[in-house]
Amino acid sequence: MLHMPLLSLVTFVPLLGAAIIFFIARGPEEVIARNARWMALWTTGVTFLLSLFIWFNFDRTTAEFQFVERVEWFPALQISYHMGVDGISMMFVLLSTVLMPVCILASWDSIQDRVKEYMISFLILETMMVGMFCALDYVLFYVFFEGVLIPMFIIIGVWGHGERRVYAAFKFFLYTLLGSVLMMLALLAMYLQAGTTDIPTLLRTDFAYSMQIWLWLAMFASFAVKVPMWPVHTWLPDAHVQAPTAGSVILAGVLLKMGGYGFLRFSIPMLPEATEFFTPLIYALSVIAIIYTSLVAYAQENMKKLIAYSSIAHMGFATIGMFTLTTQGVQGSIFQMLSHGIVSAALFLLVGVVYDRLHSLDIDRYGGLIRNMPKYAAIFMLFMLASVGLPGTSGFVGEMLSLVGAFLVNTWVAALAAIGIILGAIYMLQLYRRVVFGKLEKDDVKRMVDLSPRELAMFAPLILLVLWMGIYPSSFIEVMDVSVANLIENYELALEARDGIAVAGR
Amino acid sequence: MEVAAIFLPLIGFLAAALFGRQIGDRGAMAVTCTLVNVAALISAILFVDVALGGDPRTVTLFTFIDSGAFEANWALKYDTLTAVMVLVVNLVSGMVHLYSIGYMEHDPNRARFFAYLSLFTFAMLMLVSADNLVQLYFGWEGVGLASYLLIGFWHEKESARAAAVKAFVVNRIGDFGFALGIFAVFLIFGSIEFDVIFAEAAEHADTTFNFLGYEVHALTTACLLLFIGAMGKSAQLGLHTWLPDAMEGPTPVSALIHAATMVTAGVFMVARLSPLFEYAPDALVFVAVIGALTAFVGATIGLTQTDIKRVIAYSTMSQLGYMFFAAGVSAYGAAIFHLMTHAFFKALLFLGAGSVIHALSGEQDMRRMGGIYRMIPWTYGLMWIGSLSLAGIGIYGVFGLSGYYSKDIVLEAAIADHSWFGTLAFALGIAAALLTALYSFRLIFLSFHGQPRADEKVMAHVHESPWIMLGPLLLLAFGAVFAGVIGYGVFVGDGRAAFWGEALFVLPANDTVEAAHHVAFIWKILPVVMGLLGIALAYWLYMVRTDLPATLAGRLAPLYRLSFHKWYFDELYHALIVRPTAMLGRGLWLKGDVGVIDGLGPDGIAKTARGVARYMGRFQSGFLYHYAFVMLIGVVAFVSWYLIAVR
């Protein structure tokens, strides 16, 4: 098993599925649609099973990249097809593969137009996402990183459900593209200095301080938009509101993590001195994000917008945590991103469930759902609590550890960010109260039926994960432990080396 | 066995929540009631074994969080303090479960109700058996959740929904402090496990660290932050506003959560962390002062409320204040003693009130009660017992009800502390003792005596509660009468050192419980005198001169209004915090996101780009000489730049 190119398989099986759907589609519209759905479900299911091999065969005692594959691509330019995962990226791969089948299930009935194209887009999207987390070559990374944009742009623009979907799609595209252009520049600059785009090599390359500053800013432009950090976050609520349910799931579940992952893979280890310099900026923007977007979330009348804003606040905890460069902070940050991937995905699915029935995102249109949809109410309750960060759910661990890390470094940051745990409770409880509790009065709401077996099936893995991560988080922390320790150690070594030189030069 | 005492209620919850439909309401009730009561039996055995037998132990289950030095296990720390708490929680919870079978008879969602009750019990048990701060936090938030669910149980009422959210959010404000307190402890000790931090507390007595830019005394800061959490959970002054509103929940919930157990979590926490608080004397002063103020303010508000449950709720707030100022003067044993006796008589009072409400078809307003004491004699008698116990009545040196012993020792410890805050606490506590007796018997006289003020239809239906409700009441009444005299010796008397073992820690210089036994006779007798005086006053005002209360309210209008409107805390918070927050949220969204960021950002750029494009479009005139002219200007510009720059 170990000799198989596992990462390539996980990356490209979805693409293969997409190709099959593309070529075998014959016959009447309905048949094509049905085949496409089943094919997509099978493909994503198989991909998930394959990715489990990574989980089980992963060596938790080393910080080295594992499952490495390397093929020369442009040998003259020192660019290669280089894949591998460590304790940080591995779980993001799994997050992507576990969410994909859920997305396909979520789109089963709600997507009726151009099903074939829809499924193909999603499968391509999966290839891009998984590839991005596995890539160990900057060019390869860049290709995947930007490649994600295209299917997502199409998904929002074509299958979105709102009048402003084209506006939202463009806003999303332009925002992220702007950042990408700058990252491209950073890529070129690093290539010119190091003569290669191989990530492990770049990790060992020492860039001059003045250059680090510019490189850091260029990458920041790209990653900050993806996270998204305040004030470049306004594309997110629009994109979510307009996107189809499964689009929102991937957007919140995986795409936002690309920014955080970028910081962890590039900015922090490659540019440690610049990271140290800019840390206060990150803290400031994150704290603003947490408080500001939580308050804004409280004012929302649209369910998806509310959850979108809450996502920004939750990612604020993640960015604070990783830049504390403490064990607790970085682990908490990664945990927070994984947890948010599950919880926000589930919340968007929950919104999708009622949207499918009533075609409205207005909070006011609902009320009293606990009467006719008790299962729905229970599941909603669980994920609402996870979002609030109740101990025993995954949301707690990430938030707590990130804040612990922050407290060790700067008590102001921790105290201000902790206000978010109060505000988070306010807007989420308010949402739940208005949608689920209350009198069941409106006729069309009364007619809504509880979750179908298909819908239960898509929540089941998420429920399991959210509790598992909340009650026994060690099985996940253990995976990242060594890699995180390595990250922090190298960071500190780099800073010490600089200080050493500075002292010697005096 | 330790595991069973704590996890049986969880099993009950899971059974009723997941399979409520399959096993039906009766099945759910049978399962949850049986399991909780079995747990209560087991915890009684464990109490004998651990507390009386002096054999504390810790059962480690499995790892919870392990991130660097931030390590915590799921574990059950079973020492005397835990054994007492587990016993009280399981016992009261078992009684409440049984009582609810009768009380919730007509409710269509009974399975859900019992599931929540068991969930609450489990969370509270996890809280009191934690061996580290994170598990404590788990239970802490867990009881908050259960409380939220139960307050909002009748969610079709707008007020119940609002009260549920309010309870959760106000508690969260406390948790904010609690969380920061945990971080501070971790910063100081590099650990969050009780055994480690307690062992090292003395070494860090003089440690300082930088908090929010100030160099502060580490343990004092940590303890103050943790105490903010306790203030939220235990409804201390400032964060108390949720407790009276919580009376929107069904009455058994009020008895279980908002009187006997959950609200005592804060007191428990201070007692549990006594090794830290002992080295943070300034934090203890704060605890004592807040407790004393709460005891007094709660009692004054209870005096004028008209809702029977609210009166008892404010009484709870006031009694919690007693427990805190006891802890504040280092009399932790006395605090826990009062916690234990209070659990019995307060649960009794609440469930008794529930029985009254049940008899009057749901009426809670005392202005529409009266004249029913002959019709529900059992309830009436039990309410008397509860009220006498709450008022702390007894005969010095002979016998007293539970509240007599515990309230006395608390007040004696306060005066024995010989400090300004101890004396302040004593003064306010004595005043509150008078008020306590007054409002308790105002409640009795208004609800049961005088002319019937309910309408005839309701009066025709007045009936004594069934035995499934009265049985638990009798058991609680037994506790309300005898718990004090039984527990006195071990909790605060001569047996206390052997009883508590290492569960509580008091610096030798701070042993106020010891000093309390040697205070002057006048201080020992004063609380009872005040209690009797209060009862006499209540009798005179509400039985003899029934015209007087209204006249007094008129004469002392400002004071009356202050009390009736609960010192205007809600109004103040609404104006200062709730409304501005909502407005800020809206403002930031419409002005900030839509206005500034999108206006200057994407939308602005798009608009500018369109404008520029339109403008540039005009240059495409198609006339050759236009282009030639522009080119010429360009050439001139470049040449001049070259000449100037490269010179």
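Those protein sequences? They're chains W and G, same order as listed.
Sequential numbering from 471 applies to the first sequence in the numbering used here.
Sequential numbering from -6 applies to the second sequence in the numbering used here.
We put the beta carbon where it would ideally sit given N, CA and C, even for glycine.
Remember, it's a predicted structure, so these values are computed and weren't measured experimentally.
Separation of residue j from residue i, as counted between CA atoms
i	j	result
G:H644	G:G494	As shown, chain G starts at -6 and ends at 640. That puts residue 644 of chain G outside it, with no answer to give.
G:V632	G:R607	30 Å
G:A292	G:F562	15 Å
G:F440	G:G482	With the sequence shown as reference, residue 440 of chain G is identified as Ser, and Phe is not the correct amino acid for it. Spanning the two alpha carbons is a distance of roughly 36 Å.
W:T481	W:Y961	30 Å
G:T257	G:P49	22 Å
G:H558	G:G422	22 Å
G:A319	W:M807	44 Å
G:H331	G:L469	15 Å
W:G894	W:Y762	11 Å
G:I626	G:W634	12 Å
W:S953	W:G791	16 Å
G:L138	W:H703	32 Å
Backbone secondary structure at residue i - three-state DSSP
i	result
W:M471	No answer about W:M471 holds up, because its pLDDT of 45 lies below 50 and its placement is not dependable.
G:N164	helix
W:A546	helix
G:Y398	helix
G:L599	According to the sequence as given, residue 599 of chain G is Ala; it is not Leu. Of the three classes helix, strand and coil, the one that applies to G:A599 here is helix, per DSSP.
W:G802	helix
G:W67	strand
W:Q536	strand
G:H251	helix
G:N125	strand
G:D300	strand
W:A605	strand
W:N880	coil
W:L741	coil
G:P268	helix
W:V919	coil
W:P714	coil
G:R647	Nothing about residue 647 of chain G can be reported from this structure: the residues present for chain G run from -6 to 640 only.
Min CB distance residue i to chain G below 8 Å
i	result
W:L831	no
W:G822	no
W:G791	no
W:A884	yes
W:I896	yes
W:Q798	yes
W:Q801	yes
W:I812	no
W:Y762	yes
Min CB distance residue i to chain W below 8 Å
i	result
G:W582	yes
G:H148	yes
G:A156	no
G:G145	yes
G:A575	yes
G:E241	no
Interfacial residues, the region 715 to 742 of chain W to chain G, with Cβ spacing under 8 Å: Within the region 715 to 742 of chain W, no residue qualifies.
Chain-ordered residues of the region 682 to 703 of chain W with a beta carbon less than 7 Å from chain G: Going along the region 682 to 703 of chain W in chain order, one finds P701 with a Cβ nearer than 7 Å to chain G.
Cβ-based contacts, 8 Å cut-off: residues of the region 539 to 567 of chain G near chain W: none
Ranges of the beta strand (DSSP E) found wholly within the region 432 to 514 of chain G, counting only runs of at least 3: none
Members of the region 200 to 212 of chain G near chain W, C-beta cut-off 8 Å: N203, F204, L205, G206
Near-chain G residues of the region 764 to 789 of chain W - C-beta to any C-beta below 7 Å: L765, V766, Y768, A769
Minimum length 4: unbroken alpha helix (DSSP H) runs contained in the region 762 to 819 of chain W: 773 to 794
Residues in the region 103 to 115 of chain G having any Cβ partner in chain W nearer than 8 Å: none
Members of the region 899 to 921 of chain W near chain G, C-beta cut-off 7 Å: Residues L899, Q900, R903, F907, G908, K909.
The region 850 to 876 of chain W: positions lying closer than 7 Å to chain G by Cβ: L855, L860, P861, G862, V867, L871, L873, V874
Residues of the region 40 to 72 of chain G with Cβ closer than 9 Å to any Cβ of chain W, in chain order: F55, T56, F57, I58, D59, S60, G61, A62, F63, W67
Members of the region 918 to 943 of chain W that neighbour chain G once the beta carbon cut-off is set at 9 Å: I941, Y942, P943
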